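Have a look at the structure below, then the notes.
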Amino acid sequence: MKNKLSILFVIAGLSLSAQVGINTGTPKASLDVNGDVNFRNKIAVLNVTDNTLFQGNNDQILVSQGEGYPPIWKSLRIPEYEPNKFYLIFNNSFSDRTGVKFTNSEHSTITAKNTAFTRGTDISALPGFKKIAGLSQPISVFSDNSKTYFQFETVVQANLPSNGTTDISIDYACGIFVDNKLVNMRQRNLKASSASSTFITHNQIGVVSNLTKGQHNVSVACSRLASYRTESNVVLAVGINADTNINSFISQSSLKVDVYEIPQVFNPITN
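Structure representation (C-alpha coordinates):
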(Lines of atoms letter the chains of each structure in order from A and count residues from 1; the text may use other names and numbers.)
(Lines give C-alpha, C1' and ligand atoms only; values in the text may rest on other atoms or scores of the structure.)
Protein backbone atom coordinates (compact mmCIF):
# COMPACT_ATOMS: atom_id res chain seq x y z
CA MET A 1 0.00 0.00 0.00
CA LYS A 2 2.86 2.37 0.85
CA ASN A 3 4.50 1.84 -2.58
CA LYS A 4 1.21 2.39 -4.38
CA LEU A 5 0.64 5.66 -2.54
CA SER A 6 4.16 6.87 -3.47
CA ILE A 7 3.49 6.21 -7.15
CA LEU A 8 0.16 8.04 -6.93
CA PHE A 9 1.87 11.04 -5.33
CA VAL A 10 4.47 11.15 -8.13
CA ILE A 11 1.78 10.94 -10.83
CA ALA A 12 -0.26 13.62 -9.10
CA GLY A 13 2.84 15.81 -8.85
CA LEU A 14 3.52 15.46 -12.57
CA SER A 15 -0.02 16.54 -13.40
CA LEU A 16 -0.07 19.51 -11.05
CA SER A 17 3.43 20.90 -11.65
CA ALA A 18 5.28 21.82 -14.87
CA GLN A 19 8.53 20.41 -13.48
CA VAL A 20 9.09 17.62 -10.97
CA GLY A 21 12.47 16.73 -9.50
CA ILE A 22 13.52 13.47 -7.88
CA ASN A 23 16.50 13.96 -5.57
CA THR A 24 16.79 17.60 -6.75
CA GLY A 25 15.04 20.76 -5.57
CA THR A 26 15.68 22.60 -8.85
CA PRO A 27 14.39 20.42 -11.69
CA LYS A 28 15.52 21.41 -15.18
CA ALA A 29 12.88 19.37 -17.10
CA SER A 30 9.33 18.08 -16.71
CA LEU A 31 10.82 15.13 -14.85
CA ASP A 32 14.39 15.62 -13.57
CA VAL A 33 15.96 12.55 -11.94
CA ASN A 34 19.23 13.18 -10.10
CA GLY A 35 20.69 9.71 -9.62
CA ASP A 36 20.73 6.23 -11.14
CA VAL A 37 17.78 5.07 -13.23
CA ASN A 38 16.89 1.39 -13.66
CA PHE A 39 14.38 0.43 -16.34
CA ARG A 40 13.06 -3.07 -15.73
CA ASN A 41 10.63 -3.32 -18.64
CA LYS A 42 10.54 -1.04 -21.69
CA ILE A 43 11.15 2.48 -23.03
CA ALA A 44 8.75 3.94 -25.57
CA VAL A 45 9.05 7.14 -27.63
CA LEU A 46 6.17 9.04 -29.20
CA ASN A 47 6.02 8.71 -32.98
CA VAL A 48 4.85 12.18 -34.03
CA THR A 49 3.70 10.98 -37.47
CA ASP A 50 0.88 8.78 -36.16
CA ASN A 51 0.77 9.67 -32.43
CA THR A 52 1.73 6.13 -31.34
CA LEU A 53 4.34 4.91 -28.89
CA PHE A 54 7.28 3.12 -30.51
CA GLN A 55 9.58 0.87 -28.48
CA GLY A 56 12.25 0.60 -31.16
CA ASN A 57 13.67 -2.45 -32.91
CA ASN A 58 16.33 -4.87 -31.76
CA ASP A 59 19.84 -3.27 -31.48
CA GLN A 60 18.50 0.29 -31.90
CA ILE A 61 19.51 3.19 -29.67
CA LEU A 62 17.89 6.50 -28.74
CA VAL A 63 19.43 9.45 -30.57
CA SER A 64 18.81 13.10 -29.75
CA GLN A 65 17.51 15.36 -32.53
CA GLY A 66 18.44 18.54 -30.70
CA GLU A 67 16.70 20.98 -28.41
CA GLY A 68 12.93 21.11 -28.85
CA TYR A 69 12.69 17.79 -30.70
CA PRO A 70 11.91 14.34 -29.29
CA PRO A 71 14.58 11.62 -29.48
CA ILE A 72 14.28 8.90 -32.14
CA TRP A 73 15.33 5.29 -32.45
CA LYS A 74 18.21 4.57 -34.83
CA SER A 75 20.18 1.50 -35.85
CA LEU A 76 23.75 1.56 -34.55
CA ARG A 77 26.28 1.73 -37.38
CA ILE A 78 29.95 2.54 -36.93
CA PRO A 79 30.93 4.46 -38.96
CA GLU A 80 27.74 6.23 -40.02
CA TYR A 81 27.59 6.26 -43.84
CA GLU A 82 25.22 8.36 -45.89
CA PRO A 83 23.99 6.83 -49.17
CA ASN A 84 25.49 8.04 -52.48
CA LYS A 85 28.48 9.78 -50.92
CA PHE A 86 32.16 8.86 -51.34
CA TYR A 87 34.18 7.93 -48.25
CA LEU A 88 37.87 7.17 -47.81
CA ILE A 89 37.76 3.40 -47.23
CA PHE A 90 41.31 2.25 -47.99
CA ASN A 91 44.46 4.28 -47.36
CA ASN A 92 48.08 3.19 -47.32
CA SER A 93 51.57 4.35 -48.27
CA PHE A 94 54.71 2.45 -49.23
CA SER A 95 58.40 3.30 -49.61
CA ASP A 96 61.43 1.80 -51.32
CA ARG A 97 65.19 2.52 -51.22
CA THR A 98 66.28 -0.14 -53.72
CA GLY A 99 65.02 1.64 -56.84
CA VAL A 100 66.01 0.64 -60.37
CA LYS A 101 69.07 1.44 -62.51
CA PHE A 102 69.63 1.47 -66.29
CA THR A 103 72.98 1.30 -68.05
CA ASN A 104 73.67 3.18 -71.27
CA SER A 105 72.69 0.07 -73.24
CA GLU A 106 69.38 -0.56 -71.45
CA HIS A 107 67.04 1.51 -73.58
CA SER A 108 63.44 0.59 -74.21
CA THR A 109 62.80 -0.75 -77.71
CA ILE A 110 59.40 0.96 -77.89
CA THR A 111 59.23 3.16 -80.98
CA ALA A 112 55.57 4.26 -81.20
CA LYS A 113 55.14 5.64 -77.69
CA ASN A 114 51.87 7.40 -78.52
CA THR A 115 50.23 4.02 -79.15
CA ALA A 116 52.18 1.97 -76.59
CA PHE A 117 51.56 4.35 -73.68
CA THR A 118 47.77 3.97 -73.45
CA ARG A 119 45.56 3.10 -70.50
CA GLY A 120 45.13 -0.61 -70.02
CA THR A 121 48.37 -1.67 -71.73
CA ASP A 122 49.87 -4.71 -70.05
CA ILE A 123 53.37 -4.25 -68.68
CA SER A 124 54.50 -7.24 -70.74
CA ALA A 125 53.91 -5.11 -73.84
CA LEU A 126 56.29 -2.41 -72.54
CA PRO A 127 59.83 -3.79 -72.97
CA GLY A 128 62.52 -2.13 -70.91
CA PHE A 129 60.30 -1.24 -67.94
CA LYS A 130 61.54 -2.30 -64.50
CA LYS A 131 59.36 -2.44 -61.39
CA ILE A 132 60.39 -0.70 -58.17
CA ALA A 133 60.14 -3.73 -55.89
CA GLY A 134 59.00 -2.10 -52.63
CA LEU A 135 56.13 -0.26 -54.34
CA SER A 136 54.46 -3.45 -55.60
CA GLN A 137 51.76 -3.91 -52.98
CA PRO A 138 48.18 -5.23 -52.56
CA ILE A 139 45.22 -2.87 -52.19
CA SER A 140 41.56 -3.62 -51.41
CA VAL A 141 38.33 -2.35 -52.98
CA PHE A 142 34.93 -3.05 -51.39
CA SER A 143 32.48 -1.23 -53.70
CA ASP A 144 31.65 -1.22 -57.41
CA ASN A 145 31.56 2.59 -57.29
CA SER A 146 35.02 3.87 -56.37
CA LYS A 147 37.83 6.28 -57.25
CA THR A 148 41.41 5.27 -56.53
CA TYR A 149 44.13 7.94 -56.31
CA PHE A 150 47.86 7.28 -56.60
CA GLN A 151 50.68 9.66 -55.68
CA PHE A 152 54.17 8.52 -56.66
CA GLU A 153 57.28 10.51 -55.71
CA THR A 154 60.93 9.69 -56.29
CA VAL A 155 64.30 11.15 -57.26
CA VAL A 156 65.86 10.51 -60.68
CA GLN A 157 69.63 10.88 -61.08
CA ALA A 158 72.33 10.12 -63.64
CA ASN A 159 76.10 10.38 -63.26
CA LEU A 160 76.21 12.92 -66.09
CA PRO A 161 79.11 15.33 -66.61
CA SER A 162 78.50 19.07 -66.57
CA ASN A 163 76.46 20.17 -69.57
CA GLY A 164 78.08 21.14 -72.87
CA THR A 165 77.11 23.49 -75.68
CA THR A 166 74.74 20.84 -77.00
CA ASP A 167 72.57 19.41 -74.28
CA ILE A 168 73.46 16.11 -72.67
CA SER A 169 70.26 14.46 -71.46
CA ILE A 170 68.22 11.27 -70.97
CA ASP A 171 64.54 10.62 -71.70
CA TYR A 172 62.76 8.34 -69.22
CA ALA A 173 59.22 7.33 -68.28
CA CYS A 174 57.46 5.97 -65.19
CA GLY A 175 54.10 4.23 -65.11
CA ILE A 176 51.62 3.26 -62.39
CA PHE A 177 50.03 -0.15 -62.91
CA VAL A 178 47.08 -1.98 -61.36
CA ASP A 179 47.18 -5.74 -61.88
CA ASN A 180 49.98 -5.07 -64.40
CA LYS A 181 47.68 -2.82 -66.47
CA LEU A 182 48.82 0.76 -67.11
CA VAL A 183 46.65 3.41 -65.42
CA ASN A 184 49.00 6.40 -65.50
CA MET A 185 52.22 7.35 -67.37
CA ARG A 186 54.62 10.30 -67.25
CA GLN A 187 57.57 11.01 -69.57
CA ARG A 188 60.36 13.42 -68.62
CA ASN A 189 63.87 14.48 -69.61
CA LEU A 190 66.85 14.61 -67.25
CA LYS A 191 69.29 17.22 -68.52
CA ALA A 192 72.89 17.72 -67.44
CA SER A 193 73.48 20.98 -65.58
CA SER A 194 76.46 23.15 -64.70
CA ALA A 195 77.30 20.64 -61.95
CA SER A 196 77.87 16.95 -62.51
CA SER A 197 75.48 14.11 -61.52
CA THR A 198 72.24 16.02 -61.98
CA PHE A 199 69.18 14.82 -60.05
CA ILE A 200 65.52 15.91 -60.10
CA THR A 201 62.40 15.17 -58.07
CA HIS A 202 59.76 13.25 -59.97
CA ASN A 203 56.10 13.63 -58.87
CA GLN A 204 53.24 11.74 -60.47
CA ILE A 205 49.52 11.56 -59.64
CA GLY A 206 47.09 9.10 -61.20
CA VAL A 207 43.44 8.13 -60.74
CA VAL A 208 41.33 5.18 -61.83
CA SER A 209 37.57 4.75 -61.39
CA ASN A 210 35.48 1.72 -60.48
CA LEU A 211 38.01 -1.03 -59.95
CA THR A 212 36.29 -4.37 -59.44
CA LYS A 213 35.61 -5.36 -55.85
CA GLY A 214 38.32 -7.40 -54.22
CA GLN A 215 42.10 -7.30 -53.90
CA HIS A 216 44.32 -5.72 -56.55
CA ASN A 217 48.06 -5.27 -56.91
CA VAL A 218 49.52 -1.83 -57.56
CA SER A 219 53.05 -1.35 -58.90
CA VAL A 220 55.34 1.31 -60.35
CA ALA A 221 57.76 0.66 -63.21
CA CYS A 222 60.18 2.96 -65.07
CA SER A 223 62.27 2.83 -68.23
CA ARG A 224 65.17 4.59 -69.94
CA LEU A 225 63.75 5.68 -73.30
CA ALA A 226 66.60 7.50 -75.06
CA SER A 227 69.98 9.13 -74.38
CA TYR A 228 71.59 12.15 -76.02
CA ARG A 229 75.38 12.56 -76.10
CA THR A 230 75.89 10.37 -73.03
CA GLU A 231 79.02 8.34 -72.42
CA SER A 232 78.91 4.54 -72.14
CA ASN A 233 79.39 4.64 -68.36
CA VAL A 234 76.38 6.89 -67.63
CA VAL A 235 73.81 5.16 -65.43
CA LEU A 236 70.22 6.36 -64.97
CA ALA A 237 68.91 5.70 -61.45
CA VAL A 238 65.28 5.97 -60.30
CA GLY A 239 64.65 5.81 -56.55
CA ILE A 240 68.33 5.18 -55.82
CA ASN A 241 71.41 7.40 -56.07
CA ALA A 242 73.68 7.12 -59.10
CA ASP A 243 76.49 9.12 -57.48
CA THR A 244 77.67 10.07 -53.98
CA ASN A 245 76.41 13.68 -54.00
CA ILE A 246 73.10 12.27 -52.69
CA ASN A 247 72.28 9.10 -50.73
CA SER A 248 69.56 6.43 -50.74
CA PHE A 249 67.56 8.28 -48.07
CA ILE A 250 67.24 11.36 -50.29
CA SER A 251 66.54 9.38 -53.45
CA GLN A 252 64.03 6.88 -52.03
CA SER A 253 60.62 6.35 -53.64
CA SER A 254 57.15 6.55 -52.06
CA LEU A 255 53.67 5.64 -53.22
CA LYS A 256 50.43 6.72 -51.54
CA VAL A 257 47.13 5.01 -52.38
CA ASP A 258 43.67 6.34 -51.41
CA VAL A 259 40.49 4.45 -52.34
CA TYR A 260 37.27 6.49 -52.08
CA GLU A 261 34.06 4.49 -52.29
CA ILE A 262 30.30 4.77 -52.12
CA PRO A 263 29.68 2.08 -49.48
CA GLN A 264 27.39 -0.75 -50.54
CA VAL A 265 27.50 -3.08 -47.55
CA PHE A 266 25.80 -1.59 -44.47
CA ASN A 267 22.51 -1.78 -42.63
CA PRO A 268 19.98 0.94 -43.54
CA ILE A 269 18.97 3.52 -40.90
CA THR A 270 15.59 2.69 -39.37
CA ASN A 271 13.80 5.54 -37.68
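The sequence shown maps to residues -20 to -1, 1 to 251 in mature numbering (1 follows the signal peptide of the UniProt record, and there is no 0).
Think of the CB as a built atom: it goes at the ideal place given N, C-alpha and C, for glycine as much as any other residue.
Please read all numbers here as calculations on a predicted model, not as lab measurements.
- Your pair residue 235 and residue 74 checks out as a contact, with CB atoms roughly 5 Å apart and the cut at 8 Å.
- One Cα belongs to residue 201, the other to residue 154, and the distance between them is close to 6 Å.
- Between the segment 223 to 241 and the segment 112 to 129 there are three or more C-beta pairs closer than 8 Å, enough to call the two in contact.
- In this structure, residue 76 keeps its C-beta atom at 8 Å or more from the C-beta atom of residue 231.
- For residue 231, the enclosing alpha helix (DSSP H) starts and ends at 228 to 231.
- Spanning the alpha carbons of residue 96 and residue 143 requires a straight line of approximately 31 Å.
- By the Cβ criterion, the segment 176 to 184 is not in contact with the segment 77 to 87, since fewer than three pairs of Cβ atoms, one from each stretch, lie closer than 8 Å.
- For the set 91, 9, 81, 156, the Cα lying nearest the Cα of residue 47 is the one of 9.
- Judged by DSSP in its simplified three-state form, residue 191 adopts coil rather than helix or strand.
- DSSP, read as helix, strand or coil, puts residue 155 in strand.
- Contact check for residue 106 against residue 210 fails: the beta carbons are separated by 8 Å or more.
- The beta-carbon distance between residue 68 and residue 151, rounded to whole angstroms, is 36 Å. This is too long to meet the 8 Å contact definition.
- If you keep only unbroken beta strand (DSSP E) runs of at least 3 residues inside the segment 60 to 140, you get 67 to 76, 80 to 82, 117 to 121, 126 to 138.
- If the five residues before and after residue 24 are omitted, its C-beta is found closer than 6 Å to the C-beta atoms of 33, 35, all from its own chain and listed in chain order.
- Residue pairing for residue 198: DSSP places it in a beta bridge opposite 117, 158.
- Residue 64 and residue 53 have their alpha carbons spaced roughly 23 Å apart.
- Residues of the same chain with a CB within less than 7 Å of the CB of residue 45, apart from the 5 flanking positions on each side, are 51, 52 in chain order.
- Only buried fits residue 203, as 16 or more other CB atoms lie within 10 angstroms of its CB.
- Per DSSP, the unbroken beta strand (DSSP E) holding residue 32 starts and ends at 32 to 34.
- In this structure, the straight-line span from the alpha carbon of residue 2 to that of residue 49 is close to 23 Å.
- The DSSP-derived three-state label of residue 171 is strand.
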